[in-house]
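A.B. asks: Have a look at this one.
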Amino acid sequence: MANFTRRESLTLAGALAASAALPVVALADMTGTKAEAAELTKKFAAGKLPIKGSINLTLPEIAENGGIVPMTVSVGSPMTEASHVAEVLILAEANPYATIAKLTFTPMSGKAEATMRIRLAETQKVTVLAKLNDGTVFIEQKLVKVTTGGCG
Amino acid sequence: MDLNPRIKLPAEIQKGEVFVIKTLVTHPMENGRRKDADGSLIPRKIINLFTCKFNGQPVFEAKLDTAVSTNPYIEFYAKVAEAGTFAFAWTDDDGTVTMAEQKVTLKG
Numbered sequence: 000m001a002n003f004t005r006r007e008s009l010t011l012a013g014a015l016a017a018s019a020a021l022p023v024v025a026l027a028d029m030t031g032t033k034a035e036a037a038e039l040t041k042k043f044a045a046g047k048l049p050i051k052g053s054i055n056l057t058l059p060e061i062a063e064n065g066g067i068v069p070m071t072v073s074v075g076s077p078m079t080e081a082s083h084v085a086e087v088l089i090l091a092e093a094n095p096y097a098t099i100a101k102l103t104f105t106p107m108s109g110k111a112e113a114t115m116r117i118r119l120a121e122t123q124k125v126t127v128l129a130k131l132n133d134g135t136v137f138i139e140q141k142l143v144k145v146t147t148g149g150c151g
Numbered sequence: 000m001d002l003n004p005r006i007k008l009p010a011e012i013q014k015g016e017v018f019v020i021k022t023l024v025t026h027p028m029e030n031g032r033r034k035d036a037d038g039s040l041i042p043r044k045i046i047n048l049f050t051c052k053f054n055g056q057p058v059f060e061a062k063l064d065t066a067v068s069t070n071p072y073i074e075f076y077a078k079v080a081e082a083g084t085f086a087f088a089w090t091d092d093d094g095t096v097t098m099a100e101q102k103v104t105l106k107g
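So the sequences go chain by chain: A and B.
If you count by numbering that gives the first Met the number 0, then the first sequence holds residues 0 to 151, one letter each, in order.
If you count by numbering that gives the first Met the number 0, then the second sequence holds residues 0 to 107, one letter each, in order.
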């Protein structure tokens, strides 16, 4: 499959629409990552409906440099053998690819929290999904306004 | 490629205390979309996996994608009940694994 940049896709879409008088629908690459994120969310949730709660997602409101955006993900949990956060999936919606990172925690983590630096290509929402050992899935999202894009 | 892993964690910990571990490696995390001076694409080359084990048991793991910044900094937590060795490993797309270790002893 040819890899079109967003610009090329939009230009192509525009040209096609102009020539065939068709509405420009879903040709823009913009929707590709969102669709990928939706697919990954579905897979990760494995049938459970993601619910709000337990996740504390720290991201700057405005990122001056999209190439280095500090992010902390923290999920409230006793982190015992009986009840702990097993996996955390971090997704972008307007990067070249949806997956940012996938974290695995264990009771020996003590705390289901991690800090990293990520790349955001443009202003977008970052989505965090956290799955407990019993299958419960939590979801949280935060919008980051990116001044200078840092290609993901 | 020398990742030069830097690790910060307490040398002495209280049994059952939750403490932070900070890690940093040098790596360009090439996302495969950058062009060099000639205009050709620099191929993707990232650290795609980071693992932390304590005395052989998994503590924390991070699968990284191209959206992780250059020179990956990963900070996380651990809670252990005995003295021992933390083993860290970073895996590059090309299969190379860089490892580092740090020991902890128990207070009192």
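By construction, the Cβ of each residue, glycine as well, lies at the ideal position given by its N, Cα and C atoms.
Bear in mind the structure is a predicted one, so any value in this text is a computation, not a measurement.
1) Within 8 Å, do at least three Cβ pairs link the segment 107-120 of chain A to the segment 66-84 of chain A?
2) How would you label A:Ala91, buried or exposed, when you count the other beta carbons within 10 angstroms and need 16 or more for buried?
3) Expressed to the nearest angstrom, what Euclidean distance is found between the alpha-carbon atoms of A:Thr135 and B:Arg5?
4) Does the distance from the CB of B:His26 to the CB of B:Leu8 come in under 7 Å?
5) Going by beta-carbon coordinates alone, are A:Val84 and A:Val127 separated by less than 7 Å?
6) What is the DSSP secondary structure of B:Pro71, reduced to helix, strand or coil?
7) Could you have a look at B:Ala86 and say whether DSSP puts it in helix, strand or coil?
8) Taking 7 Å as the CB-CB limit, is B:Ser68 close to chain A?
9) Which residues in the same chain have their Cβ closer than 8 Å to the Cβ of B:Lys34, if we skip the five residues on either side of it in sequence?
10) Taking the alpha-carbon positions, what's the A:Asp133 to B:Gly38 distance?
11) So for A:Thr40, helix, strand or coil by DSSP?
12) Check the Cβ-Cβ distances between A:Ala129 and every residue of chain B, and say whether any is below 7 Å.
13) Would a C-beta distance cut-off of 7 Å place A:Ala62 and A:Val143 closer than the cut-off?
14) Note down, in chain order, every chain B residue with its Cβ under 7 Å from the Cβ of A:Asn94.
15) Look at B:Lys44 and B:Asp92 and say whether their C-beta atoms are less than 7 Å apart.
16) Comparing the C-beta of A:Ser76 with each C-beta of chain B, is any distance below 7 Å?
17) Quick check on B:Gly94: buried or exposed, where buried means 16 or more other Cβ atoms within 10 Å of its Cβ?
18) Using a cut-off of 7 Å between C-beta atoms, extract the partners of B:Lys62 located in chain A.
19) Could you tell me whether any Cβ in chain A is nearer than 7 Å to the Cβ of B:Lys78?
20) Going by the CB atoms, is the gap between B:Val19 and B:Ala76 shorter than 7 Å?
C.D. replies: On the basis of the supplied data:
1) Three or more Cβ pairs closer than 8 Å define a contact, and the segment 66-84 of chain A meets that threshold against the segment 107-120 of chain A.
2) Looking at its Cβ environment, which holds 16 or more other Cβ atoms inside 10 Å, A:Ala91 is buried.
3) When rounded, the distance between both Cα atoms is 35 Å.
4) Judged by beta-carbon spacing, B:Leu8 lies beyond the 7 Å limit of B:His26, meaning their Cβ atoms are not closer than that value.
5) No; because the gap between Cβ atoms is not below 7 Å, this pair is not in contact.
6) Coil at B:Pro71, not helix or strand.
7) In the three-state reduction of the DSSP assignment, B:Ala86 falls in the strand class, which pools E and B.
8) So yes, B:Ser68 belongs to the interface.
9) Answer for B:Lys34: Leu40 and Ile41, listed in chain order.
10) It is roughly 50 Å from the alpha-carbon of A:Asp133 to the alpha-carbon of B:Gly38.
11) In the structure shown, A:Thr40 sits in a helix (DSSP, three-state: H, G or I).
12) No Cβ of chain B is located within less than 7 Å of the beta carbon of A:Ala129.
13) The answer is yes: Cβ separation under 7 Å.
14) Residues of chain B whose Cβ lies closer than 7 Å to the Cβ of A:Asn94 are, in chain order, Ala66.
15) B:Lys44 is a Cβ neighbour of B:Asp92, given a cutoff of 7 Å.
16) Not an interface residue.
17) Counting of Cβ neighbours within 10 angstroms places B:Gly94 among the exposed residues, the total staying below 16.
18) Close partners of B:Lys62 in chain A (Cβ separation under 7 Å): Ala100 and Lys101.
19) Chain A contact via Cβ: present.
20) Sequence inspection shows Tyr at residue 76 of chain B; the Ala mentioned does not correspond to that position. Yes, these two residues count as a Cβ contact at 7 Å.
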